[in-house]
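Colleague: My questions all concern the structure below.
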Amino acid sequence: MSGPGISVVICVYTEDRWEDILAAVSSVRAQSHPALETLLVVDHNDALRERLAKEYKEHEAAGEVRVLANAGPRGLSAGRNTGIAASRGEVIAFLDDDAVAERDWLRHFAAGYADPKVMAVGGRTVPVWASGRRPAWFPEEFDWVVGCTYRGLPPGRVRVRNVLGGNASFRREAFDAAGGFATGIGRDGDKRPLGCEETELCIRLSRARPDAVLLIDDRAVIHHRVPEAREHFGYFRTRTYAEGLSKALVARSVGADKGLESERRYTTRVLPAGVARGLRDAVLARPGGAGRAGAIVAGVLTAAGGYVVGSVRARRGGATFSVAPVEGAAHD
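Next comes the structure, spelled out in structure tokens:
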């Protein structure tokens with residue numbers, strides 16, 4: 001196998017996604033650039049861990065699939081850190097538990113690391129809508145709401161400030177330099193859909209390694225299932241508000257200049273163009289045009305409200321997070 005050895009970490013937490021988890025693992029095992037190993041990190045759910053251990057008993061004996069318990073506090077960041085520490089690969093890739101990777105996903109990741117300055121490579125995440133099609137009112141500019149690549153990201157293989165966590169990879173050196181994912185930012189088992197833990201890590205990495213190159217290669221594709229509950233405006237509003245809360249924590253961690261650098265361009269260029277398209281479609285009587293324009297405006301206002309609330313909480317000391325070095329990794 002040419003290129004770096006890649007460990008794939010899939011963080012899981014609920015038996016409700018059993019079939020999705022099996023599909024995710026199957027997609028990793030079918031890669032044209034074979035994974036060194038797949039690590040299933042179970043977030044404080046003993047029943048799910050035991051069921052997965054039984055399911056993959058033979059593969060675990062062969063070292064192909066390993067089932068681990070999250071060794072830290074409940075949440076996605078600690079689960080990822082557990083996977084990093086237990087992994088053996090030179091590169092660690094992350095795949096969402098409700099997504100499947102195309103066959104050449106890891107091959108495109110591996111190619112990006114031919115340049116020793118590249119510390120992270122992300123890919124393109126395509127939504128798979130439970131209803132069979134995108135809701136007419138749902139703007140592509142806000143596909144990040146459902147964990148997918150959004151309109152406004154440049155195409156091709158390009159340098160970026162941060163990769164998107166559900167479809168990303170990092171060189172092990174990145175964690176040696178910057179530490180792991182911060183706990184207290186992102187999803188932690190709470191009902192509120194927080195995020196931005198990968199953004200904070202990538203900015204911290206760029207500070208620790210100013211020469212670091214972070215890429216997105218849109219040929220590294222995964223398909224991410226969007227459940228019916230997330231196709232409604234209520235979830236859209238909740239998620240955009242939570243994004244504002246999360247961005248306030250990121251700004252507190254790394255400063256507003258870096259923490260909101262990409263967001264300024266997105267808000268001042270990408271979103272106004274999206275509103276204009278929506279209004280034009282409404283004038284031309286195309287379905288959903290007015291709804292998309294309205295959703296963009298509502299999303300901006302709701303995220304801004306979350307940011308204000310999050311900033312006030314941070315100043316009052318009501319929001320905390322921590323970054324710890326990732327220890328115990330078994331290097332090849």
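Take 1 as the starting number for the sequence shown in full-length UniProt numbering and just add one per residue. Even for Gly, the Cβ is constructed at its ideal location relative to N, Cα and C.
Following the continuous beta strand (DSSP E) through F170, name the residue where it begins and the one where it ends.
Modeller: The count along the sequence shown starts at 1 and reaches residue 170 at position 170. Note, F170: beta strand (DSSP E), 167 to 171.
Colleague: DSSP state of T138, grouped into three classes?
Modeller: One-based indexing of the sequence shown puts residue 138 at position 138. Going by the sequence as given, residue 138 is Phe instead of Thr. Three-state result, F138: coil.
Colleague: Within the same chain, show all residues whose beta-carbon is closer than 6 Å to that of F236, passing over the 5 residues directly before and after it, in chain order.
Modeller: Taking the sequence shown and counting its residues from 1, the one referred to as residue 236 is at position 236. Around F236: V145.
Colleague: With DSSP run on the structure shown, which of helix, strand or coil describes R252?
Modeller: By 1-based counting over the sequence shown, the position of residue 252 is 252. It is helical.
Colleague: Give me the residue from N81, D281, A130, G152 with the minimum Cα distance to G179.
Modeller: The residue given as residue 179 occupies position 179 in the sequence shown. Ranking N81, D281, A130, G152 by Cα distance to G179 puts N81 first.
Colleague: Please report the Cβ distance between E198 and A168, rounded to the nearest whole angstrom; I am assuming they are in contact, meaning their Cβ atoms lie under 8 Å.
Modeller: Counted from its first residue, the sequence shown places residue 198 at position 198. Counted from its first residue, the sequence shown places residue 168 at position 168. So it is a contact: roughly 6 Å between Cβ atoms.
Colleague: Below 8 Å, can you find three or more Cβ-Cβ pairs linking the segment 210 to 224 to the segment 156 to 172?
Modeller: Contact between the segment 210 to 224 and the segment 156 to 172 is present, because at least three Cβ pairs lie under 8 Å.
Colleague: Please state whether the Cβ-Cβ distance between G166 and L95 is less than 9 Å.
Modeller: Reading the sequence shown from its first residue, position 166 is the one you call residue 166. Reading the sequence shown from its first residue, position 95 is the one you call residue 95. Taking 9 Å as the Cβ cut-off, G166 and L95 qualify as a contacting pair.
Colleague: Grab the span of the beta strand (DSSP E) containing R124 for me, first residue to last.
Modeller: Locating residue 124 in the sequence shown gives position 124, where the first residue counts as 1. 118 to 129 is the span of the beta strand (DSSP E), which, as asked, contains R124.
Colleague: To the nearest angstrom, report how far apart S32 and A110 are at their CA atoms.
Modeller: Taking the first residue of the sequence shown as 1, we reach residue 32 at position 32. Taking the first residue of the sequence shown as 1, we reach residue 110 at position 110. Rounded to whole angstroms, S32 to A110 spans 11 Å at the Cα level.
Colleague: Taking the alpha helix (DSSP H) that E90 falls in, what are its first and last residues?
Modeller: Position 90 of the sequence shown holds residue 90. Here E90 belongs to no alpha helix (DSSP H), and DSSP marks it neither H nor E.
Colleague: Measuring CB to CB, does H108 end up less than 9 Å from G123?
Modeller: As a position in the sequence shown, residue 108 is number 108, starting the count at 1. As a position in the sequence shown, residue 123 is number 123, starting the count at 1. Yes; because the gap between Cβ atoms is below 9 Å, this pair is in contact.
Colleague: Going by beta-carbon coordinates alone, are V221 and W137 separated by less than 9 Å?
Modeller: Position 221 of the sequence shown holds residue 221. Position 137 of the sequence shown holds residue 137. Result no, Cβ atoms of V221 and W137 do not sit closer than 9 Å.
Colleague: Determine the direct distance from the alpha carbon of G79 to that of R277, and round the result to whole angstroms.
Modeller: For the purposes of this step, residue 277 is taken as residue 277 along the sequence shown, with counting starting at 1. For the purposes of this step, residue 79 is taken as residue 79 along the sequence shown, with counting starting at 1. About 40 Å.
Colleague: Enumerated in chain order, which unbroken segments of the alpha helix (DSSP H) with a length of 4 residues or greater are wholly contained in the segment 196 to 244?
Modeller: Listed in chain order, the complete alpha helix (DSSP H) runs (minimum 4 residues) inside the segment 196 to 244 are 197 to 208.
Colleague: Alpha carbon to alpha carbon, how far is A93 from L52? Give it in angstroms, no decimals.
Modeller: In the sequence shown, residue 52 corresponds to position 52, counting from 1. In the sequence shown, residue 93 corresponds to position 93, counting from 1. Roughly 20 Å separates the two Cα atoms.
Colleague: Please name the residue or residues paired with R151 in a DSSP beta bridge.
Modeller: For the purposes of this step, residue 151 is taken as the residue at position 151 of the sequence shown. Its beta-bridge partners are L153.
Colleague: From the DSSP output, read off the bridge partner residues of L39.
Modeller: Translated into the one-based positions of the sequence shown, residue 39 becomes position 39. For L39, which the question treats as bridged, DSSP gives the partners V9, R66.
Colleague: Classify D46: buried if its beta carbon has 16 or more other beta carbons within 10 angstroms, exposed otherwise.
Modeller: For the purposes of this step, residue 46 is taken as the residue at position 46 of the sequence shown. Exposed.
Colleague: Taking Cβ to Cβ, would you say V250 is nearer than 9 Å to L271?
Modeller: By one-based count along the sequence shown, residue 250 stands at place 250. By one-based count along the sequence shown, residue 271 stands at place 271. It is not a contact, given that the beta carbons lie outside the stated cut-off.
Colleague: Express the C-alpha separation of E64 and S131 in angstroms, rounding to a whole number.
Modeller: Counting from 1 along the sequence shown, the entry for residue 131 is found at position 131. Counting from 1 along the sequence shown, the entry for residue 64 is found at position 64. Cα to Cα, S131 sits roughly 34 Å from E64.
Colleague: From what residue to what residue does the beta strand (DSSP E) around A101 run?
Modeller: Taking the first residue of the sequence shown as 1, we reach residue 101 at position 101. Taken as a continuous stretch (DSSP letters only), the beta strand (DSSP E) holding A101 covers 99 to 101.
Colleague: Taking the straight line between their C-alpha atoms, what separation do you get for G259 and A62?
Modeller: On the sequence shown, residue 259 is found 259 positions in, with the first residue counted as 1. On the sequence shown, residue 62 is found 62 positions in, with the first residue counted as 1. Since pLDDT at G259 reaches only 49, below the 50 mark, its modelled position is unreliable, and the value read off the structure follows with that caveat. Rounded to whole angstroms, G259 to A62 spans 43 Å at the Cα level.
Colleague: Taking the Cβ atom as the reference point for each residue, do G3 and A114 lie within a distance shorter than 9 Å?
Modeller: In the sequence shown, counting from the first residue as 1, residue 3 sits at position 3. In the sequence shown, counting from the first residue as 1, residue 114 sits at position 114. Yes; because the gap between Cβ atoms is below 9 Å, this pair is in contact.
Colleague: Go ahead and pull the three-state DSSP assignment for V158.
Modeller: Counting from one through the sequence shown, the residue named residue 158 turns up at place 158. The answer is strand: DSSP assigns V158 an E or B state.
Colleague: What separation, rounded to the nearest whole angstrom, lies between the Cα atoms of S27 and A101?
Modeller: Within the sequence shown, numbered from 1, the residue matching residue 27 stands at position 27. Within the sequence shown, numbered from 1, the residue matching residue 101 stands at position 101. The straight-line gap from Cα to Cα measures roughly 5 Å.
Colleague: With DSSP collapsed to three states, give me the class of T183.
Modeller: Counting from one through the sequence shown, the residue named residue 183 turns up at place 183. Three-state DSSP puts T183 in a strand.
Colleague: Going by DSSP in three states, A114 sits in which element: helix, strand or coil?
Modeller: Indexing the sequence shown from 1 puts residue 114 at position 114. Reduced to three states, the DSSP call for A114 is coil.
Colleague: Rounding to the nearest angstrom, what Cα-Cα distance links F181 and R74 in this structure?
Modeller: Numbered from 1 along the sequence shown, position 181 holds the residue referred to as residue 181. Numbered from 1 along the sequence shown, position 74 holds the residue referred to as residue 74. If you take the alpha carbons of F181 and R74, they lie about 13 Å apart.
Colleague: Could you check if L40 is buried or exposed, using at least 16 other CB atoms within 10 Å of its CB as the buried criterion?
Modeller: Stepping through the sequence shown from its first residue, residue 40 is reached at position 40. Its Cβ being crowded by 16 or more others within 10 Å, L40 is buried.
Colleague: Straight-line CA distance for G152 to N70?
Modeller: Position 152 of the sequence shown holds residue 152. Position 70 of the sequence shown holds residue 70. G152 and N70: Cα-Cα distance of roughly 35 Å.
Colleague: Please go through the same chain and pick out, in chain order, the residues whose beta-carbon is closer than 7 Å to the beta-carbon of R49, but skip the five residues on each side of it.
Modeller: Within the sequence shown, numbered from 1, the residue matching residue 49 stands at position 49. Cβ within range, chain order: V42, V67, A69.
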